[in-house]
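Residue numbers (my numbering): 9 to 381.
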Ligand SMILES: C[S@@+](CC[C@H](N)C(=O)[O-])C[C@H]1O[C@@H](n2cnc3c(N)ncnc32)[C@H](O)[C@@H]1O
């Protein structure tokens, strides 16, 4: 147990979370839709993966971590994101940055260091994160900017500024849809003995596009992620938003060959496809449907300014001179951000604006793929 009385020992952590989820399944009549299971497995207070004290982020499993994100790989990531944010603050004539899902605070620190070096610090940097334990890590890391940074639990009625989120949309719970012998089911979780098991129930829910072919097919829909974009659109009176994540447009997402969906778990830098075991010790994530994100954004009053790969985005934002100035080790780490077989192609960036005249943002001047959404 840690000093807050929260279990941190792995086996008791996962068994406490299992009991918590089993109670929720019983309260729901014996079957819990997967998105509700995922929400508990990731965010149940004190127990869920993002709510407990395990390390999570890191380059190597020896650190006790499970996965690595771009700002943990190289500070050049945050420096280049900062260049785009500085332009967006100017073009929207706003003065605040809002970061969603700030992890260890690495990206915030890189952005603030870079903006400080440019003499362009924002009036305020607000972090919104569901995780109390990560919030404590962020607070420690961002001590040098303590006067600028604040954390909020709820969004104000109206906000202005530039929003940024790296790998936050993929952490939002998804619903699972399974087509078996031509009939669609929603996949949920039941208790079987002392373990969890899948159970499919007939549903009226459908993927946003028809899936070609008669074969059995498992996929995800992203109602929570899209509702999140709607909420941002309702609240943001003037500003812009930049989301970076792994995913595709919907023709690729719902391609007939992608019959196993994109849901995966990360544990000790290994990927597996079974979220029902080791709940609380694994990250659970699904790719982002960027067409769904763009449509939700447009419905919520945003303009889509650009959509491109992370490689194009970082190169457009000035990667080459940063690489030239870096030593060999730093250059080799930064190259992971753009190499096609690492993060360069799978990760995408989408830029949105609201309440201002649209412009062609720096990061999308070459290689914009908005037309493919
Ligand atoms: C995969 S981590 C990414 C962290 C960080 N952005 C990075 O790049 O290292 C996902 C983060 O999103 C947060 N999160 C998930 N859903 C959220 C939501 N609806 N609002 C705010 N934060 C959220 C998690 O607590 C976690 O900090």
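Here a beta-carbon is modelled for each residue, glycine too, at the ideal position from N, C-alpha and C.
For residue i, the first and last residue of its enclosing alpha helix (DSSP H)
i	result
residue 329	327-333
residue 338	336-343
residue 83	83-100
residue 146	140-149
residue 378	It is not in any alpha helix (DSSP H) - residue 378 carries neither H nor E in the DSSP assignment.
residue 43	42-51
residue 110	Here residue 110 belongs to no alpha helix (DSSP H), and DSSP marks it neither H nor E.
residue 182	Element bounds for residue 182: n/a, residue is neither H nor E.
residue 300	298-307
residue 259	258-261
Same chain only: Cβ atoms within 7 Å of residue i, ignoring 5 sequence neighbours per side
i	result
residue 381	257, 298, 299, 302, 315
residue 51	58, 59, 138
residue 77	65, 111, 174, 175
residue 154	none
residue 215	185, 227, 229, 262
Contacting residues, own chain, Cβ-Cβ under 6 Å from residue i (five flanking each side not counted)
i	result
residue 376	314, 316
residue 14	Low local confidence applies: a pLDDT of 42 at residue 14 is under 50, so the model's placement there is unreliable, with the coordinate-based value given in what follows. Answer for residue 14: 54, listed in chain order.
residue 361	248, 311, 313
residue 186	193, 195, 208, 226
residue 234	300, 304
residue 27	none
residue 107	116, 135, 172
residue 261	297
residue 290	273, 275
residue 277	69
residue 449	Here the chain comprises residues numbered 9 to 381, so residue 449 is not present and cannot be evaluated.
residue 202	none
residue 204	197, 284
residue 294	182, 228, 270, 271
residue 369	313, 314, 359
Contact check, residue i vs residue j, beta carbons under 8 Å
i	j	result
residue 65	residue 73	yes
residue 197	residue 42	yes
residue 134	residue 149	no
residue 305	residue 237	yes
residue 309	residue 22	no
residue 79	residue 114	yes
residue 82	residue 347	no
residue 328	residue 353	no
residue 102	residue 160	no
residue 199	residue 33	yes
residue 367	residue 99	yes
residue 184	residue 228	yes
residue 324	residue 373	yes
residue 252	residue 49	no
residue 61	residue 90	no
residue 246	residue 168	yes
residue 359	residue 240	no
residue 88	residue 105	no
residue 356	residue 221	no
Cβ-heavy atom distance, residue i to ligand 1, below 7 Å
i	result
residue 259	no
residue 121	no
residue 60	no
residue 137	yes
residue 80	yes
residue 101	no
residue 77	yes
residue 176	yes
residue 341	no
residue 179	yes
residue 65	yes
residue 236	yes
residue 108	yes
residue 129	no
residue 322	no
residue 338	no
residue 114	yes
residue 169	no
residue 88	no
residue 241	no
residue 360	no
Span of the beta strand (DSSP E) around residue i
i	result
residue 174	167-174
residue 275	272-275
residue 315	311-317
residue 385	Because the chain here runs from 9 to 381, residue 385 falls outside it and cannot be looked at.
residue 293	291-293
residue 196	191-200
Same chain, Cβ closer than 8 Å to residue i, neighbours up to 5 away in sequence not counted
i	result
residue 344	81, 82, 350, 351
residue 11	Here residue 11 scores only 33 on pLDDT, less than 50, and its place in the model is too uncertain to base an answer on.
residue 307	238, 241
residue 281	268, 271, 272, 273
Within-8 Å CB hit, residue i to chain B
i	result
residue 342	Absent from the structure is chain B; it holds one protein chain and no more.
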